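Down below is the structure, laid out as structure tokens.
2 protein chains.
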Amino acid sequence: MRRFVVGRTKSLVNRYQRSRVLSSTPLLLDSPSSMAAPPSSSHPSPPVTLETINPKVLKCEYAVRGVIVTLAERLQHELQANPGSHPFDEILYCNIGNPQSLCQQPITFFREVLALCDHPAILDRSETQGLFSADAIERAWQILDQIPGRATGAYSHSQGIKGLRDTIAAGIEARDDFPADPNDIFLTDGASPAVHMMMQLLIRSEQDGILCPIPQYPLYSASIALHGGTLVPYYLDEATGWGLEISELKEQLEAAKSKGITVRALVVINPGNPTGQVLSEDNQREIVEFCKKEGLVLLADEVYQENVYVPDKKFHSFKKISRSMGYGGDDISLVSFQSVSKGYYGECGKRGGYMEVTGFSADIREQIYKVASVNLCSNISGQILASLVMNPPKVGDESYESYAAEKDGILSSLAKRAKTLEEAFNHLEGVTCNKAEGAMYLFPRIHLPQKAIEAAEATNTAPDAFYAHRLLHATGIVVVPGSGFGQVLGTWHFRCTILPQEDKIPAIVSRLMDFHKGFMDEFRD
Amino acid sequence: MRRFVVGRTKSLVNRYQRSRVLSSTPLLLDSPSSMAAPPSSSHPSPPVTLETINPKVLKCEYAVRGVIVTLAERLQHELQANPGSHPFDEILYCNIGNPQSLCQQPITFFREVLALCDHPAILDRSETQGLFSADAIERAWQILDQIPGRATGAYSHSQGIKGLRDTIAAGIEARDDFPADPNDIFLTDGASPAVHMMMQLLIRSEQDGILCPIPQYPLYSASIALHGGTLVPYYLDEATGWGLEISELKEQLEAAKSKGITVRALVVINPGNPTGQVLSEDNQREIVEFCKKEGLVLLADEVYQENVYVPDKKFHSFKKISRSMGYGGDDISLVSFQSVSKGYYGECGKRGGYMEVTGFSADIREQIYKVASVNLCSNISGQILASLVMNPPKVGDESYESYAAEKDGILSSLAKRAKTLEEAFNHLEGVTCNKAEGAMYLFPRIHLPQKAIEAAEATNTAPDAFYAHRLLHATGIVVVPGSGFGQVLGTWHFRCTILPQEDKIPAIVSRLMDFHKGFMDEFRD
Chain A
1 MRRFVVGRTK
11 SLVNRYQRSR
21 VLSSTPLLLD
31 SPSSMAAPPS
41 SSHPSPPVTL
51 ETINPKVLKC
61 EYAVRGVIVT
71 LAERLQHELQ
81 ANPGSHPFDE
91 ILYCNIGNPQ
101 SLCQQPITFF
111 REVLALCDHP
121 AILDRSETQG
131 LFSADAIERA
141 WQILDQIPGR
151 ATGAYSHSQG
161 IKGLRDTIAA
171 GIEARDDFPA
181 DPNDIFLTDG
191 ASPAVHMMMQ
201 LLIRSEQDGI
211 LCPIPQYPLY
221 SASIALHGGT
231 LVPYYLDEAT
241 GWGLEISELK
251 EQLEAAKSKG
261 ITVRALVVIN
271 PGNPTGQVLS
281 EDNQREIVEF
291 CKKEGLVLLA
301 DEVYQENVYV
311 PDKKFHSFKK
321 ISRSMGYGGD
331 DISLVSFQSV
341 SKGYYGECGK
351 RGGYMEVTGF
361 SADIREQIYK
371 VASVNLCSNI
381 SGQILASLVM
391 NPPKVGDESY
401 ESYAAEKDGI
411 LSSLAKRAKT
421 LEEAFNHLEG
431 VTCNKAEGAM
441 YLFPRIHLPQ
451 KAIEAAEATN
461 TAPDAFYAHR
471 LLHATGIVVV
481 PGSGFGQVLG
491 TWHFRCTILP
501 QEDKIPAIVS
511 RLMDFHKGFM
521 DEFRD
Chain B
1 MRRFVVGRTK
11 SLVNRYQRSR
21 VLSSTPLLLD
31 SPSSMAAPPS
41 SSHPSPPVTL
51 ETINPKVLKC
61 EYAVRGVIVT
71 LAERLQHELQ
81 ANPGSHPFDE
91 ILYCNIGNPQ
101 SLCQQPITFF
111 REVLALCDHP
121 AILDRSETQG
131 LFSADAIERA
141 WQILDQIPGR
151 ATGAYSHSQG
161 IKGLRDTIAA
171 GIEARDDFPA
181 DPNDIFLTDG
191 ASPAVHMMMQ
201 LLIRSEQDGI
211 LCPIPQYPLY
221 SASIALHGGT
231 LVPYYLDEAT
241 GWGLEISELK
251 EQLEAAKSKG
261 ITVRALVVIN
271 PGNPTGQVLS
281 EDNQREIVEF
291 CKKEGLVLLA
301 DEVYQENVYV
311 PDKKFHSFKK
321 ISRSMGYGGD
331 DISLVSFQSV
341 SKGYYGECGK
351 RGGYMEVTGF
361 SADIREQIYK
371 VASVNLCSNI
381 SGQILASLVM
391 NPPKVGDESY
401 ESYAAEKDGI
411 LSSLAKRAKT
421 LEEAFNHLEG
431 VTCNKAEGAM
441 YLFPRIHLPQ
451 KAIEAAEATN
461 TAPDAFYAHR
471 LLHATGIVVV
481 PGSGFGQVLG
491 TWHFRCTILP
501 QEDKIPAIVS
511 RLMDFHKGFM
521 DEFRD
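Residue numbers (UniProt numbering), protein chains in the order written: chain A, 1 to 525; chain B, 1 to 525.
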């Protein structure tokens with residue numbers, strides 16, 4: 001029997017229920033919002049307490065920046081203040097897909113264009129020719145010409161600058177071989193706000209459900225919680241390389257319906273996060289058919305579209321798949337999320353991305369536009385970068401060779417690192433780890449000894465969190481416990497990025513092996 | 001008798017109510033979410049319709065990018081495709097505080113630093129010395145040294161880069177002469193996401209109310225609608241230069257309480273948007289006292305803090321005022337919003353800003369941090385820019401003189417433009433216009449002839465929207481009808497920015513006068 005288990009959920013839900021109970025009892029009278037404190041009262045209750053905030057906020061959690069990261073930051077401060085205070089020299093943040101924090105260098109061409117667009121006054125100067133490549137200068141001019149008044153400091157259209165959307169649509173067409181419409185593109189500050197926007201549109205109450213993979217990227221559980229909906233889990237099958245089975249989708253959909261939940265959308269993350277699987281075309285076609293048949297919006301998280309590491313798998317967008325099945329915009333409602341934070345570029349700090357929204361009526365599109373307009377527009381540098389990643393230098397451009405070398409260097413190194421770490425995990429006693437076919441993570445399963453589980457429970461900690469804390473304290477390596485992503489009850493995992501630089505991998509593997517052996521020895525049954 | 005009237009609200013609320021009725025009746029069975037469409041059905045109902053989206057989205061509206069802007073964009077396309085098709089050469093967007101869209105130039109020093117941080121590879125190159133000022137190069141190095149690994153492409157701490165928060169806190173201290181803590185700063189993609197974050201925290205249901213000025217900046221009404229709360233209006237007094245009276249706050253608070261509303265926070269916009277008033281210190285002290293006494297969070301929109309145009313008024317932050325009254329963090333919960341989009345810099349497209357959050361307990365701060373962490377971080381260029389506007393060049397720095405000249409040029413020109421436009425409006429028949437003491441807008445009142453009101457009603461349009469549409473069609477000038485901001489029932493206004501460049505003002509004034517005279521002649525009673 002499978003059950004959705006997320007660490008700390010129970011305690012949070014308890015607090016949540018407590019807060020709900022409080023807010024419907026006379027105890028609420030303690031809240032100063034409904035009680036005018038006398039002016040003489042020197043210490044009235046504060047206007048905002050855990051009991052009086054929005055319970056949806058309380059319920060939301062986000063593991064990849066959770067407790068373990070706070071602990072890691074504390075250890076880092078201790079190391080800085082007192083070198084040698086821990087058995088490691090540095091904290092290795094393998095908790096989050098943040099490549100440049102682990103020394104991945106940005107793509108030079110992209111940064112040249114961004115710098116020139118930030119300070120166009122130098123475009124005409126002779127020194128600029130010596131500092132920047134000719135095609136970066138040309139591209140900057142092209143982009144500036146697409147911006148009304150060349151004003152990179154002005155709010156743009158709320159969907160993003162039209163010329164940049166044209167470029168992105170052309171990039172999608174080149175990728176998919178099917179038409180893309182710039183009016184379907186909404187540029188956003190990374191993929192996260194785009195996901196929130198769709199959840200906000202779809203979720204009316206906790207009777208509305210969103211089908212999400214388990215394990216999932218916790219943005220989805222967090223966003224559904226914040227918007228007051230219900231996460232309807234479907235389990236990926238670890239035994240078949242985290243396969244996505246339609247029978248499981250059907251079963252969970254029916255189970256949700258029987259509980260009175262209206263399921264509105266299906267989230268698919270491809271390549272998978274945290275699982276790293278790349279879906280086959282056949283599987284994608286089944287998924288499209290399922291959404292069409294069941295009247296579900298397909299929310300396709302395709303932010304790792306450039307991150308595929310195995311020769312027998314290839315990324316196909318869900319739009320391409322559905323169009324190749326003969327389904328047009330009238331047949332299926334589909335949102336594809338893309339981000340500048342992932343791929344080979346890894347420009348997380350730029351907060352750029354877009355969603356391509358197809359298969360919605362004009363009046364719904366107007367509502368999405370309205371919500372986008374309340375935040376005016378996404379940041380222009382992120383918009384420019386999104387256009388660059390969808391239209392990088394081409395053969396013959398001055399920057400092409402250096403660009404291609406940078407890109408291939410990063411992607412082939414990521415593939416090597418994924419393989420090395422996967423093999424290392426599989427060599428650990430009681431650990432099994434699927435291949436990272438794509439994305440930026442491995443999600444090994446640890447078969448923990450019963451004594452370790454008991455030791456964890458004695459400290460009121462999920463066993464995988466217990467393991468991750470011990471790992472951090474012993475090695476400085478930060479991984480995220482599987483309970484933050486959801487996992488089959490009684491199984492334990494952690495997510496580890498493949499992002500540390502290659503020259504650091506041997507030391508990481510060795511620290512990991514030593515730690516794991518010591519841990520298993522300590523808790524061996 | 002005053003009443004809160006917002007244009008189009010009625011029709012939207014009608015649609016909203018219709019959708020609520022629908023969603024609680026058997027008609028919902030038409031929705032495919034609860035009905036598995038047979039595979040043979042070639043045209044099943046779409047998964048998302050106006051009847052099945054989140055009614056809060058439907059209810060939300062945002063006037064500054066509303067219908068009139070869509071119309072203006074259409075006219076602009078027509079002008080481009082067919083020059084001479086309208087009685088004007090260009091559209092003048094006076095609907096939104098977007099200075100660089102109207103040719104305001106960015107501050108050179110800020111853009112130099114941003115460009116260097118975007119492409120640090122050039123910092124060491126000799127050509128760079130010729131292209132960039134020495135202090136911009138030095139500042140870029142300082143900023144890079146504050147970023148772990150100098151990685152401007154990495155996600156930062158979810159509150160923003162610590163070193164930049166240190167700089168901002170120091171800037172606040174220099175401004176206020178009271179301590180500021182970098183741990184109280186949350187860097188955000190402009191002020192709008194910060195406002196949403198606080199609304200999300202505070203609003204549990206429509207029984208939670210937020211006191212907002214009328215007229216207000218429609219971000220507040222939009223955000224409250226999206227989060228499902230109730231806007232509790234308090235009316236600024238046009239007769240006393242849009243004065244904020246405590247008696248009015250009290251009256252509206254009591255009225256809300258008597259309807260079962262728990263009022264959680266008071267929004268104050270200072271300098272005012274759309275009204276342009278700058279609050280006096282005495283008035284601010286009364287407001288602080290009121291919030292303290294009533295247990296309200298004070299949400300202080302201080303994004304126009306640099307935009308004060310009259311010698312007898314000065315901006316004081318609410319934090320400074322409350323600290324000077326002897327109130328510390330334990331006494332009052334206060335959030336101050338700041339943005340890089342306004343001031344003399346007007347860097348709207350960069351989406352930078354921060355909120356300074358004081359007077360909340362550690363566990364509430366943890367919740368705010370958690371919500372911030374779900375979006376990972378705000379964009380790094382915006383973060384850098386927020387640190388720059390709070391710590392611009394100082395006397396003695398190489399850039400100081402040119403920086404000061406740019407800044408003073410913009411601010412003194414804005415003051416002149418405000419005065420010229422204010423006088424022009426006051427010369428129009430039946431128009432009265434308060435002084436823009438600060439911010440970027442004038443909010444003239446138009447006393448419309450009865451025949452114009454009837455003509456508007458005949459086309460199902462609010463009279464001020466009717467006027468604004470006529471103005472746009474005749475002159476290409478885009479203003480926002482007062483009904484988008486809220487106004488006393490039976491009064492009509494529009495908001496017009498003071499942002500067109502000085503050399504354009506005479507032509508604008510002349511077009512405005514001609515149009516207005518024609519309009520009044522046409523509809524004179």
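Idealized CB from N, CA, C, for every residue including glycine.
Remember, it's a predicted structure, so these values are computed and weren't measured experimentally.
Have a look at the DSSP bridge pairing and note the partners of residue i.
i	result
A/E356	A/I185 and A/S336
B/C496	B/L442
Pick out whichever of the options has its Cα sitting closest to the Cα of residue i.
i	options	result
A/P233	A/D330, A/A239, A/F523 and A/E245	A/E245
A/P213	A/A362, A/E238 and A/S413	A/E238
A/R495	A/P444, A/F519 and A/L512	A/P444
A/Q367	B/A222, B/A191, B/A169 and B/D135	B/A222
B/A468	B/N283, B/V479 and B/C94	B/V479
A/I53	B/L201, B/I107 and B/V488	B/L201
B/G396	B/L71, B/G490, B/D135 and B/K59	B/D135
B/K517	B/S156, B/L92, B/E437 and B/V431	B/V431
B/H157	A/G241, A/N391, A/D301 and A/G66	A/G66
A/H86	A/H316, A/H473 and A/N426	A/H473
Distance, Cα to Cα, residue i vs residue j?
i	j	result
A/G382	B/H227	27 Å
B/I147	B/R165	11 Å
A/A418	A/I498	5 Å
A/P193	A/S339	11 Å
A/S84	A/Y441	Reading off the sequence, residue 84 of chain A comes out as Gly, not Ser. Going by the C-alpha atoms only, they are around 30 Å apart.
A/G343	B/A462	49 Å
B/L298	A/D503	52 Å
B/M355	B/G329	15 Å
B/C377	B/G352	11 Å
B/I122	B/A169	30 Å
B/V509	B/R264	43 Å
A/K358	A/D176	In the sequence under discussion, the amino acid at residue 358 of chain A is Thr, which differs from the Lys named in the question. If I take the Cα positions, the gap works out to 14 Å.
A/R365	B/T49	10 Å
A/G490	A/I446	11 Å
A/V303	B/G476	41 Å
B/A63	A/D312	52 Å
A/A439	A/V308	7 Å
B/S41	A/E286	With a pLDDT of only 43 at B/S41, under the threshold of 50, the placement of this residue in the model should not be trusted; the figure read from the coordinates follows. One C-alpha to the other measures close to 17 Å.
Under 8 Å by Cβ, that's how I've got residue i and residue j pegged, so tell me the actual separation to the nearest angstrom.
i	j	result
B/S336	B/F360	With 8 Å as the limit, B/S336 and B/F360 do not qualify as a contact, their Cβ atoms being about 13 Å apart.
B/G160	B/F186	7 Å
B/I380	A/K350	7 Å
A/V374	B/L219	7 Å
Just to confirm, is the Cβ distance from residue i to residue j under 8 Å?
i	j	result
A/F515	A/P449	no
B/E112	A/E127	no
A/D118	B/A424	no
A/G209	A/A256	yes
A/S399	A/F109	yes
B/G229	B/I203	yes
A/E254	A/Y235	no
B/M520	B/E429	yes
A/E281	A/I321	yes
Output, in chain order, the set of chain C residues within a Cβ distance shorter than 7 Å of residue i.
i	result
A/T128	Given the protein chain composition of this structure (A and B), no chain C is represented.
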